[in-house]
Amino acid sequence: MTASITRAQLLSRSAKSGAALLVAGSALTSFAETASADALPVLDLAYARLLVGAELLASDFYSQAIAASVTNGTMTKYLKKAYLNEQEHYQSVAGIISGSLNTPAVSGDINFSYPDGTFATPASIVAFAAKLEGIVLGAYLGAIGGIQTNSFKIGLAEIAACEAQHSSYFATQMGGKAFSLSFLPALTIDEASNALDAYTA
Amino acid sequence: METDSCHATDHAGNSSTKGASLRSSITGGRFVALVCILALCICAGAGGASAKSSRIASGITVFAGSSMTSVLPEIDPTNTYSFGSTGTLSTQIVNGAPADVLMGANTTTCAADYASGVTEKPVNFTRNTLEVVVPKSNPAGISSIYDLIKPGIKIDEAASTVPVGSYTVQVLNQMGINAAVQANVVSQETSDANVVAKVVTGQVDAGFVYLSDYVIDPTHLTLIKVPAWAQPKITYAMCVVTKSPNQAAAQAWVTKILSAGAQAIFVKDGFLPLTAPIPSIAKLAPMKAKAGATLTITGTNLTGTTSVTFQGVPAKFKVVSATKLTVTVPAKAKTGTITVTNPSGTATSATFTIA
Numbered sequence: 271m272t273a274s275i276t277r278a279q280l281l282s283r284s285a286k287s288g289a290a291l292l293v294a295g296s297a298l299t300s301f302a303e304t305a306s307a308d309a310l311p312v313l314d315l316a317y318a319r320l321l322v323g324a325e326l327l328a329s330d331f332y333s334q335a336i337a338a339s340v341t342n343g344t345m346t347k348y349l350k351k352a353y354l355n356e357q358e359h360y361q362s363v364a365g366i367i368s369g370s371l372n373t374p375a376v377s378g379d380i381n382f383s384y385p386d387g388t389f390a391t392p393a394s395i396v397a398f399a400a401k402l403e404g405i406v407l408g409a410y411l412g413a414i415g416g417i418q419t420n421s422f423k424i425g426l427a428e429i430a431a432c433e434a435q436h437s438s439y440f441a442t443q444m445g446g447k448a449f450s451l452s453f454l455p456a457l458t459i460d461e462a463s464n465a466l467d468a469y470t471a
Numbered sequence: 072m073e074t075d076s077c078h079a080t081d082h083a084g085n086s087s088t089k090g091a092s093l094r095s096s097i098t099g100g101r102f103v104a105l106v107c108i109l110a111l112c113i114c115a116g117a118g119g120a121s122a123k124s125s126r127i128a129s130g131i132t133v134f135a136g137s138s139m140t141s142v143l144p145e146i147d148p149t150n151t152y153s154f155g156s157t158g159t160l161s162t163q164i165v166n167g168a169p170a171d172v173l174m175g176a177n178t179t180t181c182a183a184d185y186a187s188g189v190t191e192k193p194v195n196f197t198r199n200t201l202e203v204v205v206p207k208s209n210p211a212g213i214s215s216i217y218d219l220i221k222p223g224i225k226i227d228e229a230a231s232t233v234p235v236g237s238y239t240v241q242v243l244n245q246m247g248i249n250a251a252v253q254a255n256v257v258s259q260e261t262s263d264a265n266v267v268a269k270v271v272t273g274q275v276d277a278g279f280v281y282l283s284d285y286v287i288d289p290t291h292l293t294l295i296k297v298p299a300w301a302q303p304k305i306t307y308a309m310c311v312v313t314k315s316p317n318q319a320a321a322q323a324w325v326t327k328i329l330s331a332g333a334q335a336i337f338v339k340d341g342f343l344p345l346t347a348p349i350p351s352i353a354k355l356a357p358m359k360a361k362a363g364a365t366l367t368i369t370g371t372n373l374t375g376t377t378s379v380t381f382q383g384v385p386a387k388f389k390v391v392s393a394t395k396l397t398v399t400v401p402a403k404a405k406t407g408t409i410t411v412t413n414p415s416g417t418a419t420s421a422t423f424t425i426a
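Those sequence lines, one after another, are chains B and H. FYI, the numbering for the first sequence is 271 to 471, going by the working numbering. FYI, the numbering for the second sequence is 72 to 426, going by the working numbering.
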């Protein structure tokens with residue numbers, strides 16, 4: 271990314287990435303434009319870095335879960351949809367970083383690791399997905415509370431809502447309730463970092 | 072040779088020796104080895120006759136990054152060591168310093184020296200991680216790396232011209248807090264050992280060092296983990312100096328460093344074992360198949376494979392051996408190259424055709 275990146279360039283790149291980005295397009299462009307307009311506050315960039323890491327973890331998990339080919343057709347369909355969502359989220363949050371003239375992490379930058387047997391059965395995949403989505407949701411909720419650039423908050427909230435749907439779906443697949451708490455807990459940046467760290471080699 | 076060797080130590084590794092001495096006085100077990108190193112330098116600096124009569128080293132001359140001040144004499148106390156910044160040591164070798172082997176805290180220095188004909192081909196031999204250490208008393212109450220952005224925290228780091236300083240900047244950039252942390256940096260050092268010394272003595276609230284620096288002095292330091300997701304890939308490489316008159320002994324040292332015994336000492340001292348080598352693909356059988364078919368990939372270093380993809384489409388695979396994988400051609404696979412990835416890197420095949 272360069273300092274001269276424009277909305278048109280971003281949209282062009284989005285288009286090249288396929289129709290999937292249309293869903294996240296508004297967040298992508300607004301994140302990038304806001305980030306490039308002003309120097310980012312310290313915590314905003316830190317949260318963006320962390321969320322990029324979380325999205326890379328989520329994408330990596332879903333890609334491996336799909337490749338494991340142990341789930342039935344319905345579950346596989348949801349895994350693929352979730353994978354697509356996480357990729358779109360990644361593009362959006364990465365826009366904060368690239369828009370501020372920094373380079374976001376990419377999949378090869380972080381090596382993820384999972385507990386033994388994570389991809390062995392449908393149940394193990396669902397259990398990990400539920401746990402992962404809880405972490406990612408908590409990270410986004412924490413970021414919404416922690417970032418200082420107000421214009422980022424709506425985009426992050428949109429992503430958090432999507433992660434909440436993922437979390438709810440996998441909770442029901444485990445036999446649990448679709449929803450329960452009125453106020454879901456936000457993770458501090460430390461807590462979110464530590465949670466992500468647990469699955470990083 | 073002895074005088075030149077210590078000349079290098081005086082300029083490149085003086086602060087490292089000081090830091091190591093501080094640590095060895097605390098940790099006991101490594102004290103003898105480090106005193107021997109110190110004695111070598113003092114004696115050589117005092118005069119040739121004295122140096123020769125006092126010298127215990129009989130091996131080769133090794134120039135090494137200061138993070139290896141403790142571990143290398145453990146592996147072989149008979150060598151002559153000069154510890155310092157990898158880049159500085161390399162410059163000294165380029166300028167004719169009589170080293171037999173350069174052991175760096177990165178892979179780039181040896182690679183550059185090899186490219187310019189100064190050394191033989193580099194060999195990776197260990198890894199490390201970057202961490203934050205604070206004094207045991209922790210007067211600033213630091214419990215997380217994110218605390219380092221708070222105003223008023225006094226931070227020490229190595230200069231970005233030395234490997235540990237370069238890694239520090241990489242970590243902070245990866246976490247998005249570099250600018251804020253740099254605002255709290257009160258000193259920049261020429262080595263990790265100097266950072267350790269300032270943290271132990273309470274001159275600063277926190278410092279960036281290698282994990283191995285903490286492991287050799289856990290009694291006076293508290294470790295604040297740098298998250299794995301932000302860690303740079305810190306790999307150490309060594310290379311035999313082309314002009315070394317002790318080629319056989321130098322090559323033997325390289326072999327010794329890669330031995331199980333030496334590697335165990337590295338790990339004991341907080342270094343990390345080498346990861347699996349990058350995979351390679353020699354053959355696909357068949358070269359053309361339908362989705363759902365089983366494909367055999369032969370190559371090398373396939374044991375730690377983490378993913379196989381067909382033009383980005385993940386595939387189900389099974390590791391048969393270090394040289395063989397069986398792969399199910401995924402439903403949405405397209406004609407093109409296949410990639411095999413392990414934690415060290417990715418191999419790309421010739422074109423595979425979907426029937």
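Note that the Cβ used here is the ideal one computed from N, Cα and C, for glycine as well. This structure is a prediction, so every number in the text was calculated from the model and none was measured.
> Within 9 Å (strictly less), CB to CB, does serine 351 of chain H reach chain B?
Replying inline: Chain B, which has no Cβ nearer than 9 Å to the Cβ of serine 351 of chain H, makes this no.
> Going by C-alpha distance, which of H:Gly383, H:Asn317, H:Val400 and H:Val390 is nearest threonine 419 of chain H?
Replying inline: H:Gly383
>> Can you give me the C-alpha to C-alpha distance between glycine 369 of chain B and threonine 365 of chain H, rounded to a whole angstrom?
In response: 44 Å
> asparagine 413 of chain H and alanine 308 of chain H: beta carbons closer than 9 Å?
Replying inline: No, these two residues do not count as a Cβ contact at 9 Å.
> Does DSSP put glutamate 403 of chain B in a helix, a strand or coil?
Replying inline: helix
> Going by other Cβ atoms of all chains shown within 10 Å of its Cβ, with 16 needed for buried, is valine 27 of chain H buried or exposed?
Replying inline: Residue 27 of chain H lies beyond the stretch modelled for chain H, which goes from 72 to 426, so this question has no answer here.
>> With a threshold of 7 Å on Cβ separation, who are the neighbours of valine 390 of chain H within its own chain once the five nearest residues in sequence on each side are excluded?
In response: Leu373, Thr374, Thr376 and Leu396
> Quick one, which of B:Tyr439, B:Gln435 and B:Phe449 has its alpha-carbon nearest threonine 344 of chain B's?
Replying inline: B:Tyr439
> Residues in the region 230-257 of chain H with C-beta within 8 Å of chain B's C-beta atoms, listed in sequence order?
Replying inline: Against chain B - using a Cβ distance shorter than 8 Å - the residues of the region 230-257 of chain H are Asn244, Gln245, Met246, Gly247, Ile248, Ala250 and Ala251.
> Taking 9 Å as the CB-CB limit, is valine 376 of chain B close to chain H?
Replying inline: no
> Does DSSP put leucine 343 of chain H in a helix, in a strand, or in coil?
Replying inline: strand
> By a C-beta neighbour count over all protein chains shown, 10 Å radius and 16 as the cutoff for buried, is serine 392 of chain H buried or exposed?
Replying inline: exposed
> Buried or exposed: which applies to leucine 201 of chain H, given that a residue is buried once 16 or more other Cβ atoms fall within 10 Å of its Cβ?
Replying inline: buried
> Which residues does DSSP pair with asparagine 195 of chain H in a beta bridge?
Replying inline: Asparagine 195 of chain H pairs with H:Ala308.
> Does any C-beta atom of chain B lie closer than 9 Å to the C-beta of isoleucine 220 of chain H?
Replying inline: yes
> If you drop the 5 nearest sequence neighbours on each side, which residues of the same chain put their C-beta closer than 7 Å to that of alanine 426 of chain H?
Replying inline: Lys359, Ala360 and Lys361
> When you compare each of B:Leu313, B:Leu457, B:Ser377 and B:Tyr384 to alanine 430 of chain B by their alpha carbons, which one comes out closest?
Replying inline: B:Leu457
> Quick one: is lysine 387 of chain H near chain B, going by C-beta distance under 9 Å?
Replying inline: yes
> Buried or exposed: isoleucine 287 of chain H, going by 16 or more other Cβ atoms within 10 Å of its Cβ?
Replying inline: buried
>> Output needed for serine 208 of chain H: all residues of its chain with C-beta closer than 8 Å, excluding positions within five of it in sequence on either side, in chain order.
In response: Gly273
> Taking C-alpha atoms, which residue in H:Phe388, H:Val312, H:Phe279 and H:Lys403 lies nearest to serine 187 of chain H?
Replying inline: H:Val312
> What separation, rounded to the nearest whole angstrom, lies between the Cα atoms of threonine 190 of chain H and lysine 314 of chain H?
Replying inline: About 8 Å.
> How big is the Cα-Cα spacing for valine 312 of chain B and serine 421 of chain B?
Replying inline: 16 Å
>> Taking CB distances under 9 Å as the criterion, tell me whether serine 215 of chain H reaches chain B.
In response: yes
> Got a sec, what are the start and stop residues for the alpha helix (DSSP H) proline 144 of chain H sits in?
Replying inline: Proline 144 of chain H -> alpha helix (DSSP H) spans 142-146.
> How should isoleucine 409 of chain H be labelled, buried or exposed, when 16 other C-beta atoms within 10 angstroms of its C-beta is the threshold for buried?
Replying inline: buried
> Which bits of chain B does valine 324 of chain H rub up against, with CB to CB less than 9 Å?
Replying inline: Checking the displayed sequence, the identity of residue 324 of chain H turns out to be tryptophan instead of valine. Under the 9 Å cutoff, chain B gives no residues; its nearest Cβ is about 30 Å from tryptophan 324 of chain H.
> From this set, H:Thr179, H:Thr399, H:Ala356 and H:Ile220, which residue's C-alpha is nearest valine 379 of chain H's C-alpha?
Replying inline: In this structure, H:Thr399 is the residue among H:Thr179, H:Thr399, H:Ala356 and H:Ile220 with its C-alpha nearest to the C-alpha of valine 379 of chain H.
> Cα separation between phenylalanine 449 of chain B and isoleucine 405 of chain B?
Replying inline: The alpha-carbon separation between phenylalanine 449 of chain B and isoleucine 405 of chain B amounts to approximately 16 Å.
> What beta strand (DSSP E) runs, 3 residues minimum, are completely inside the region 196-252 of chain H?
Replying inline: 201-206 and 226-229
> For isoleucine 425 of chain H, which residues does DSSP report across the bridge?
Replying inline: H:Ala360
> Where does aspartate 276 of chain H land, buried or exposed, given buried means 16+ other C-beta within 10 angstroms?
Replying inline: buried
> What are the residues of the region 437-448 of chain B that lie near chain H, defined by any Cβ-Cβ distance shorter than 8 Å?
Replying inline: Within the region 437-448 of chain B, no residue has a Cβ that lies closer than 8 Å to any Cβ of chain H.
>> Using only CA atoms, which one of H:Asn317, H:Leu343, H:Lys269 and H:Ala335 lies nearest to valine 205 of chain H?
In response: H:Lys269
>> List, in chain order, every chain H residue whose beta-carbon is nearer than 8 Å to that of leucine 466 of chain B.
In response: Pro298 and Trp300
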